[in-house]
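Take a look at the structure below.
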Amino acid sequence: MLHVKEVASDSLESLPAPSRRLRDRPSLGRKRFRPSRLILHAVLVLCLAATLLPLVWMILSSFKSQGEILSDPTAWLPAHFTLENYEQWFGPLKFGQYFTNTLVVAGVTVAGNLLFCSMAGYALAKMDFRGRSLVFTLVLITLMIPGVVTFIPMFVTVSKLGLLNTYASLFLPFLASPVGVFLMRQFIAGIPDSLIDAARLDGAGEVRIFTGIIMPLCRAPLATLAILTFLASWNNFLWPLVAAQGQSTYTLPIALSLFSVGQNATNYGLLLAGATLVILPVVAVFIALQRYFTQSLVSTGIK
Amino acid sequence: MSTLTSAPAGLRTARAGRGGPKRPRPRVAPWVFVAPFLAIFVVFTLLPIVSSFAMSFTDFRATDVQNPFGVDFVGLQQYQSVFTDQQFLRSMLNTGYFVLVGIPLAIIVALALAVALNNGISRLRTLYRVGFYIPVVTSIVAVSTGWKFILQPDGPLNAALHLIGVQGPDWLNSTTWAMPAIIAMAVWRNAGTLMIIFLAGLQAVPQELQEAAMVDGAGAWRRFWAITLPILRPTILLGSVLLSVGFLQFFEEAFVMTQGGPLNSTLSITYFTYNQFGFGQYGLASAASYVLFAVIALVSLIQFRTLRSQD
């Protein structure tokens with residue numbers, strides 16, 4: 006983990022570097038430049054097409070009627086462009102409700118992680134207290150706890166608390182994560198002690214230091230944490246599948262999966278429209294923030 | 446507490462007197478800062494890990510939720526039933542298949558993409574990177590829904606295969622082809638993750654070494670095997686371990702595309718656990734999840750070892 010972090014901080018600045026270096030070196034591969042470059046681009050474009058075509062097909066087909074999909078499943082462009090599948094989702098299928106559920110849960114989870122993980126990260130990085138190394142060791146050990154190990158006792162706890170089928174049951178377990186604490190702790194540890202000591206001499210309390218000095222310096226890791234948490238929450242499946250027991254709390258992936266194995270299993274157009282509606286917001290956010298996304302991945306090495 | 450104070454701080458306190466107003470050392474503050482995380486962590490991670498372990502040695506059923514301490518201790522019986530359960534053994538086999546075929550495939554694809562993108566491409570570089578990464582951010586449930594139709598017997602994939610004269614199977618209804626189809630989708634969705642990690646790792650390959658080898662007449666293929674790959678090895682290992690931990694838990698793909706079928710051929714360990722949970726067999730499900738946990742812990746251990754050997 007530590008190593009990934011180092012690689013990350015290197016790569017963030019130097020990702021475009023190899024191309025620069027190559028351009029500076031006229032001796033390397035000048036003669037073969039054009040043909041080899043062209044072949045490389047051709048291969049890459051083919052790979053890119055293979056990567057994106059499934060999504061494109063999915064999105065295009067979601068604008069076809071059920072009849073059209075069945076009569077010619079291989080066609081790409083809709084012959085009769087229709088919004089009927091989307092009308093279904095926005096009407097009787099309560100897309101708005103599921104979208105709101107997913108967004109509220111993701112929003113609260115992100116906010117909680119930003120605050121709680123940086124608080125804990127600050128304490129673990131800059132405060133000397135008994136039990137510090139125990140807490141940090143626990144964080145390290147539990148970085149990779151699979152959800153399948155914890156979901157049954159979590160279910161028992163949440164149902165004993167009477168929280169099943171509430172928003173709280175969906176975000177409460179994820180309000181702070183070991184990965185987030187680790188990320189913030191690593192970054193805050195790199196902030197010079199002199200900054201904090203100077204503030205302490207000036208009489209600033211810990212809260213002041215945290216909100217006035219630490220948080221403003223943490224913009225980059227906070228962006229990373231926000232992105233990772235949002236993605237994880239938006240796409241989360243096993244826990245909401247167990248905890249959300251009614252349409253009022255279904256998140257988008259749950260609603261979609263239950264439709265796709267239920268009575269609508271063969272309503273292709275409807276399901277493809279649903280899948281498009283789940284994917285598009287995240288892909289849009291990704292394209293807008295793509296720089297931070299890939300950085301965030303590298304800096305933690307975790308999806 | 447005071448044993449932990451560093452010498453200078455101790456001296457200062459001594460001079461200022463007990464409870465001196467100048468610099469009260471934080472004793473409560475650290476715990477206040479750690480408390481919210483710790484509370485959530487203890488209730489929703491630490492206790493569940495412990496109680497799940499405890500549960501796996503009991504006959505805990507859904508009906509025991511009201512009275513969790515009234516269950517009977519059954520020793521290793523749940524593990525015994527798990528390891529004699531044909532479905533569970535099948536799910537272990539399937540999970541192994543998924544990981545052992547999917548991970549190497551994802552590594553090869555991601556490595557090829559990363560090396561190609563690192564090959565001095567400046568134009569379109571961002572476009573490629575973004576494009577190859579897009580599947581990673583998509584919801585597995587959503588893309589599985591889409592792929593389910595792509596993989597229909599008369600769907601677009603078989604139509605494309607037909608163009609080159611191949612008669613494609615009914616992918617998801619075939620005990621032979623359902624798993625390869627799911628693996629293909631998993632590779633498609635996850636190669637971007639590894640690609641980004643490998644691209645970062647490739648920055649560590651010294652350009653001078655490449656040039657020297659080139660002067661010595663080594664071709665691109667030779668340079669890849671002799672220089673790039675050895676330097677990249679720790680990154681590859683790290684990336685594959687990270688991805689393996691996710692692959693070992695695969696569930697959603699099968700849940701949406703095959704429901705674990707046909708004939709349990711895509712039933713994963715997580716899926717088995719989820720099913721047993723659904724049947725109310727919490728003790729059995731916990732035992733199954735702990736078997737998976739042990740495998741994941743083992744894989745993570747390899748990762749920690751490798752990381753340490755690098756320092």
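For the protein sequence lines, the chains are G and D, in the order given. My numbering applies: residue 6 is where the first sequence begins, and numbers increase by one. My numbering applies: residue 446 is where the second sequence begins, and numbers increase by one. Ideal placement from N, C-alpha and C gives every residue a C-beta, glycine not left out.
Item to check | Closer than 7 Å: L230(G) CB and nearest the ligand SAM heavy atom | outcome: As far as ligands go, the structure on display features none, and thus does not contain the ligand SAM.
Item to check | Alpha-carbon spacing of S689(D) relative to F215(G), whole angstroms | outcome: Along the second sequence, one-based indexing puts residue 689(D) at 244. Along the first sequence, one-based indexing puts residue 215(G) at 210. Spanning the two alpha carbons is a distance of roughly 37 Å.
Checklist entry - By a C-beta neighbour count over all protein chains shown, 10 Å radius and 16 as the cutoff for buried, is F518(D) buried or exposed? => result Position 73 of the second sequence, counted from the first residue, corresponds to residue 518(D). F518(D) should be labelled exposed.
Item to check | Buried or exposed (CB count within 10 angstroms, at least 16 for buried), V163(G) | outcome: Here the question's residue 163(G) lines up with position 158 in the first sequence. Answer is buried; the Cβ neighbour count reaches 16.
Next on the checklist: Our contact map puts R634(D) next to V581(D) with C-beta atoms below 8 Å; I'd like the distance itself, whole angstroms only.
Outcome noted: Translated into the one-based positions of the second sequence, residue 634(D) becomes position 189. Translated into the one-based positions of the second sequence, residue 581(D) becomes position 136. Correct: roughly 7 Å between the Cβ atoms.
Item to check | Q694(D), buried or exposed, once every other Cβ within 10 Å from all chains shown has been counted against 16 | outcome: Position 249 of the second sequence, counted from the start, is the residue given in the question as residue 694(D). Per the 10 Å Cβ criterion, buried.
Next on the checklist: Against chain D, which members of the segment 244–276 of chain G pass a CB distance test of less than 7 Å?
Outcome noted: P258, L261, S262, S265, V266, Y273 and L276
Checklist entry - Beta carbon of V487(D), beta carbon of A128(G): below 8 Å? => result What you label residue 487(D) is simply residue 42 of the second sequence in a count that begins at 1. What you label residue 128(G) is simply residue 123 of the first sequence in a count that begins at 1. Against a cut-off of 8 Å, the Cβ pair of A128(G) and V487(D) comes out as no contact.
Checklist entry - Which two residues bound the contiguous alpha helix (DSSP H) that contains R135(G)? => result Here residue 135(G) refers to the residue found at position 130 when the first sequence is read from its first residue. Taken as a continuous stretch (DSSP letters only), R135(G) belongs to no alpha helix (DSSP H), as it is neither H nor E.
Next on the checklist: Any beta carbon of chain G sitting closer than 8 Å to that of A551(D)?
Outcome noted: The residue labelled residue 551(D) in the question sits at position 106 within the second sequence. Judged by the 8 Å Cβ criterion, A551(D) is not in contact with chain G.
Item to check | Below-8 Å beta-carbon distance, M124(G) vs any chain D residue | outcome: Counting from 1 along the first sequence, the entry for residue 124(G) is found at position 119. At least one chain D Cβ lies under 8 Å of M124(G).
Next on the checklist: Taking the straight line between their C-alpha atoms, what separation do you get for L737(D) and I714(D)?
Outcome noted: Mapped onto the second sequence, residue 737(D) falls at position 292. Mapped onto the second sequence, residue 714(D) falls at position 269. So the alpha carbons of these two residues sit roughly 7 Å apart.
Item to check | Contacting residues, own chain, Cβ-Cβ under 7 Å from L708(D) (five flanking each side not counted) | outcome: On the second sequence, residue 708(D) is found 263 positions in, with the first residue counted as 1. T620.
Item to check | Spatial distance of F104(G) from G152(G) (CA atoms) | outcome: Counting from 1 along the first sequence, the entry for residue 104(G) is found at position 99. Counting from 1 along the first sequence, the entry for residue 152(G) is found at position 147. Computed Cα separation, rounded: 23 Å.
Checklist entry - Mind pulling the chain D residues with CB within less than 8 Å of W239(G)? => result Here the question's residue 239(G) lines up with position 234 in the first sequence. What W239(G) touches in chain D: S584.
Checklist entry - Which first and last residues belong to the alpha helix (DSSP H) in which V153(G) is found? => result Sequence index remark: in the first sequence, residue 153(G) carries index 148 (1-based). V153(G) -> alpha helix (DSSP H) spans G152 to K165.
Next on the checklist: Given this structure, state the Cα-to-Cα distance separating E89(G) from L285(G), to the nearest angstrom.
Outcome noted: Numbered from 1 along the first sequence, position 84 holds the residue referred to as residue 89(G). Numbered from 1 along the first sequence, position 280 holds the residue referred to as residue 285(G). Rounded to whole angstroms, E89(G) to L285(G) spans 18 Å at the Cα level.
Checklist entry - Among L108(G), H46(G) and T147(G), which has the Cα closest to the Cα of F187(G)? => result Numbered from 1 along the first sequence, position 182 holds the residue referred to as residue 187(G). Residue T147(G) is the option with its Cα nearest to F187(G).
Next on the checklist: As a quick exercise: from G705(D), A733(D), A645(D) and T718(D), pick the residue whose alpha carbon is nearest that of L683(D).
Outcome noted: Walking along the second sequence from the start, residue 683(D) turns up at place 238. Per the Cα distances, A645(D).
Item to check | Buried versus exposed call for E92(G) [16 or more other C-beta atoms within 10 Å across all chains shown] | outcome: Your numbering for residue 92(G) matches position 87 in the first sequence. So E92(G) counts as exposed.
Next on the checklist: Pairs of beta-carbons, one from the segment 654–667 of chain D and one from the segment 720–734 of chain D, closer than 8 Å: are there three or more?
Outcome noted: no
Item to check | Limits of the alpha helix (DSSP H) - the one that R224(G) falls within | outcome: Residue 224(G) sits at position 219 when you count from the first residue of the first sequence. R224(G) -> alpha helix (DSSP H) spans R224 to N240.
Item to check | Per-residue DSSP class, three states only, for T216(G) | outcome: Counted from its first residue, the first sequence places residue 216(G) at position 211. Here T216(G) sits in helix by DSSP.
Checklist entry - For Y542(D) versus M624(D), is the C-beta distance shorter than 8 Å? => result As a first step, residue 542(D) is located in the second sequence; it is residue number 97 there, counting from the start. As a first step, residue 624(D) is located in the second sequence; it is residue number 179 there, counting from the start. Yes, these two residues count as a Cβ contact at 8 Å.
Checklist entry - Do three or more CB pairs link the segment 118–126 of chain G to the segment 263–271 of chain G at distances below 8 Å? => result no
Next on the checklist: Counting beta carbon pairs with one atom in the segment 62–80 of chain G and one in the segment 597–612 of chain D, are three or more of them shorter than 8 Å?
Outcome noted: Look at the beta carbons and you see the segment 597–612 of chain D touching the segment 62–80 of chain G: at least three pairs across the two are nearer than 8 Å.
Checklist entry - For the putative contact between E697(D) and F242(G), defined by C-beta atoms under 8 Å, what is the C-beta separation to the nearest angstrom? => result For the purposes of this step, residue 697(D) is taken as the residue at position 252 of the second sequence. For the purposes of this step, residue 242(G) is taken as the residue at position 237 of the first sequence. Yes, they are in contact, since the Cβ atoms of E697(D) and F242(G) sit about 5 Å apart, within 8 Å.
Checklist entry - Between the C-alpha atoms of T680(D) and V650(D), what's the straight-line distance to the nearest angstrom? => result By 1-based counting over the second sequence, the position of residue 680(D) is 235. By 1-based counting over the second sequence, the position of residue 650(D) is 205. Straight-line Cα distance between these residues: approximately 12 Å.
Checklist entry - Among F577(D), P549(D), S567(D) and L483(D), which one has its Cα closest to the Cα of L558(D)? => result As a working note, residue 558(D) is residue 113 in the second sequence. Measuring from the Cα of L558(D), the nearest candidate turns out to be F577(D).
Checklist entry - Should N240(G) go down as buried or exposed, given a rule of 16 or more other Cβ atoms within 10 Å for buried? => result Reading the first sequence from its first residue, position 235 is the one you call residue 240(G). Looking at its Cβ environment, which holds 16 or more other Cβ atoms inside 10 Å, N240(G) is buried.
Next on the checklist: Just to confirm my understanding: we take A125(G), look at its own chain, exclude 5 residues before and 5 after, and list those with CB closer than 6 Å. What are they?
Outcome noted: Residue 125(G) sits at position 120 when you count from the first residue of the first sequence. Counting only Cβ-Cβ distances below 6 Å, and skipping sequence neighbours, we find V186.
Checklist entry - Which residues share a DSSP beta bridge with F518(D)? => result In the second sequence, residue 518(D) corresponds to position 73, counting from 1. DSSP lists T503(D) as partners of F518(D).
Item to check | G195(G) classed as buried or exposed, judged by whether at least 16 other C-beta atoms fall within 10 angstroms | outcome: Mapped onto the first sequence, residue 195(G) falls at position 190. Burial call: exposed.
Checklist entry - Can a CB atom of chain G be found closer than 8 Å to the CB of W633(D)? => result For the purposes of this step, residue 633(D) is taken as the residue at position 188 of the second sequence. With 8 Å as the cut-off, W633(D) counts as an interface residue toward chain G.
Item to check | Length at least 3, wholly inside the segment 682–708 of chain D: the beta strand (DSSP E) runs in chain order | outcome: none
Checklist entry - chain D beta carbons: is any one of them nearer than 8 Å to that of M159(G)? => result If you number the first sequence from 1, residue 159(G) lands on position 154. Yes, because at least one Cβ of chain D sits closer than 8 Å to the Cβ of M159(G).
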